[in-house]
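Just below is one structure, and these are the notes that go with it.
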Amino acid sequence: MRAITVREPGGPDVLEWTEVPDPEPGPGEVVLEVAASAVNRADLLQRQGFYPPPQGAPAFIGLECSGTVAALGEGVTGWRVGDQVCALLAGGGYATRVVVPAAQLLPLPEGVDLVTAASLPEVACTVWSNVVMLAGLRAGQTLLVHGGAGGVGTHAIQVGKALGARVAVTAGSAERLARCAELGADVLVNYREQDFVAEVGAADVVLDNMGAAYLDRNVDVLAPDGHLVVIGMQGGVKGELNIGKLLAKRASITGTGLRFRPVDGPSGKGAIVAAVREHVWPMIADGRVKPVVHGTVPMERAADAHRALEDGEVFGKLILTAP
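Residue numbers for the sequence shown follow UniProt numbering, beginning at 1 and rising by one.
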């Protein structure tokens with residue numbers, strides 16, 4: 001098979017389209033013939049040498065894909081060779097074949113084609129596991145989404161609205177905010193010019209990709225009993241926390257991620273995938289939630305896709321199509 005390999009940690013130019021050995025499924029795993037993958041910010045970190053895959057995961061970049069089941073490992077039930085699926089991965093999506101635990105497979109959502117489906121597993125599992133399973137967002141509450149124009153952000157807006165929440169977003173331009181409004185965002189905050197604490201008022205759930213840079217103001221914006229979920233570190237890894245403000249609000253802060261979770265267990269990737277299939281796939285089928293795809297790029301040109309994401313040119317998800 002062929003895969004995007006990293007010659008050495010560095011910029012997009014270190015990505016190379018290389019011939020590598022074919023994968024073999026272990027017990028409980030399947031091999032997928034990959035149709036498409038999608039670019040996530042974590043991919044940029046892995047390329048730079050800062051985010052290696054978990055032990056035992058494929059070494060290649062790529063946290064999600066879509067494709068066709070090509071082989072079944074021992075003990076796999078419920079899937080057949082030839083099934084079209086999409087999958088949450090711990091790595092390996094930038095390749096023509098990948099091995100994935102069967103528990104992390106999803107059928108294609110109704111009305112979504114094979115290539116577009118590659119844009120969904122990572123964002124759907126990230127949003128549902130954090131906003132709903134962890135923070136308990138419900139109708140009538142306010143959800144604040146930082147990075148509303150990104151892949152996770154555009155999906156979170158729609159899921160929040162489908163659940164009956166008031167959704168606030170931050171983004172860096174009037175154009176990107178206008179597109180967030182088209183997805184249903186109620187409160188639009190240009191982080192370059194406005195203070196989100198003043199504009200939002202109070203948020204029951206904050207989904208934050210910034211980390212340290214927003215920590216103090218995120219606590220300020222939390223409503224009583226509110227929950228801050230930190231899923232990224234784009235604004236740094238160390239911040240000062242006022243415990244007094246946190247205690248006064250009876251608020252919670254959770255740092256969380258998907259990639260290093262086990263497959264099994266109540267908070268494992270298998271349980272999250274199952275919840276997404278039960279709750280989010282019907283939202284996509286009836287049109288309340290739609291994939292937001294900026295465009296497609298041939299997988300062998302992954303370096304161009306990384307440059308576009310780094311330059312802030314992407315709204316939603318950028319898909320890599322396998323040959």
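Ideal placement from N, C-alpha and C gives every residue a C-beta, glycine not left out.
Exercise. Helix, strand or coil for Gly316 per DSSP?
Worked result: Position 316 of the sequence shown holds residue 316. Three-state result, Gly316: coil.
Exercise. Between which two residues does the alpha helix (DSSP H) harbouring Glu182 extend?
Worked result: Here residue 182 corresponds to residue number 182 of the sequence shown, with the count starting at 1. Taken as a continuous stretch (DSSP letters only), the alpha helix (DSSP H) holding Glu182 covers 174 to 182.
Problem set entry | Where the alpha helix (DSSP H) through Val159 begins and ends | Walking along the sequence shown from the start, residue 159 turns up at place 159. Element bounds for Val159: 151 to 162.
Exercise. Given a threshold of 16 other Cβ atoms within 10 Å of its Cβ, counted over all protein chains shown, does Ser267 qualify as buried or as exposed?
Worked result: Stepping through the sequence shown from its first residue, residue 267 is reached at position 267. Exposed, because fewer than 16 other Cβ atoms sit within 10 Å of the Cβ of Ser267.
For this session: Just tell me which of Val205, Arg192, Gly151, Gly164 has its CA closest to the CA of Arg179.
Result: For this step, residue 179 is matched to residue 179 along the sequence shown. It is Gly151.
Exercise. Do Gly235 and Gly211 have their C-beta atoms within less than 8 Å of each other?
Worked result: The count along the sequence shown starts at 1 and reaches residue 235 at position 235. The count along the sequence shown starts at 1 and reaches residue 211 at position 211. Contact flag set, yes.
For this session: Kindly indicate the opening and closing residues of the beta strand (DSSP E) around Gln84.
Result: For the purposes of this step, residue 84 is taken as residue 84 along the sequence shown, with counting starting at 1. Unbroken beta strand (DSSP E) run through Gln84: 84 to 88.
Exercise. Taking the Cβ atom as the reference point for each residue, do Pro107 and Glu29 lie within a distance shorter than 8 Å?
Worked result: Stepping through the sequence shown from its first residue, residue 107 is reached at position 107. Stepping through the sequence shown from its first residue, residue 29 is reached at position 29. It is not a contact, given that the beta carbons lie outside the stated cut-off.
Problem set entry | Distance CB(Arg97)-CB(Val31) smaller than 8 Å | By 1-based counting over the sequence shown, the position of residue 97 is 97. By 1-based counting over the sequence shown, the position of residue 31 is 31. Yes, Cβ-Cβ distance for Arg97 and Val31 is below 8 Å.
Problem set entry | 8 Å contact criterion, which Gln84 and Thr68 should meet: CB distance rounded | In the sequence shown, the residue the question calls residue 84 occupies position 84. In the sequence shown, the residue the question calls residue 68 occupies position 68. Right, their Cβ atoms sit about 6 Å apart.
For this session: Please classify Ile319: is it buried, with 16 or more other beta-carbons within 10 angstroms of its beta-carbon, or exposed?
Result: In the sequence shown, the residue the question calls residue 319 occupies position 319. Its Cβ being crowded by 16 or more others within 10 Å, Ile319 is buried.
For this session: Entirely within the stretch 5 to 62 and at least 4 residues each: give me those alpha helix (DSSP H) ranges in chain order.
Result: 41 to 47
Problem set entry | Limits of the unbroken beta strand (DSSP E) element including Asn209 | Taking the first residue of the sequence shown as 1, we reach residue 209 at position 209. Per DSSP, Asn209 belongs to no beta strand (DSSP E) and is neither H nor E.
Problem set entry | Member of Leu144, Ile272, Ala308 whose CA lies at the smallest distance from the CA of Ala124 | Within the sequence shown, the letter at position 124 stands for residue 124. Answer by Cα proximity: Ile272.
Problem set entry | Segments assigned beta strand (DSSP E), at least 3 residues, entirely inside the stretch 235 to 273 | 252 to 255
Exercise. Which two residues bound the contiguous alpha helix (DSSP H) that contains Pro224?
Worked result: Your numbering for residue 224 matches position 224 in the sequence shown. Premise fails: Pro224 lies in the beta strand (DSSP E), 222 to 230, not in any alpha helix (DSSP H).
Problem set entry | Leu258 beta carbon less than 8 Å from that of Lys269 | Within the sequence shown, residue 269 is the residue found at index 269, counting from 1. Within the sequence shown, residue 258 is the residue found at index 258, counting from 1. Going by C-beta atoms, Lys269 is nearer than 8 Å to Leu258.
Problem set entry | Per-residue burial, Phe50 [other beta carbons within 10 Å of its own, 16 or more giving buried] | Position 50 of the sequence shown, counted from the first residue, corresponds to residue 50. Label assigned to Phe50: exposed.
Problem set entry | Residue range of the alpha helix (DSSP H) that includes Glu64 | Taking the first residue of the sequence shown as 1, we reach residue 64 at position 64. Taken as a continuous stretch (DSSP letters only), Glu64 belongs to no alpha helix (DSSP H), being part of the beta strand (DSSP E) at 64 to 72.
Exercise. DSSP puts Gly295 in a beta bridge; with which residues?
Worked result: Here residue 295 refers to the residue found at position 295 when the sequence shown is read from its first residue. Gly295 is bridged to Leu318.
Exercise. Going straight from the alpha carbon of Val237 to that of Val81, what length do you get?
Worked result: Indexing the sequence shown from 1 puts residue 237 at position 237. Indexing the sequence shown from 1 puts residue 81 at position 81. Answer to the nearest angstrom: the Cα atoms are 44 Å apart.
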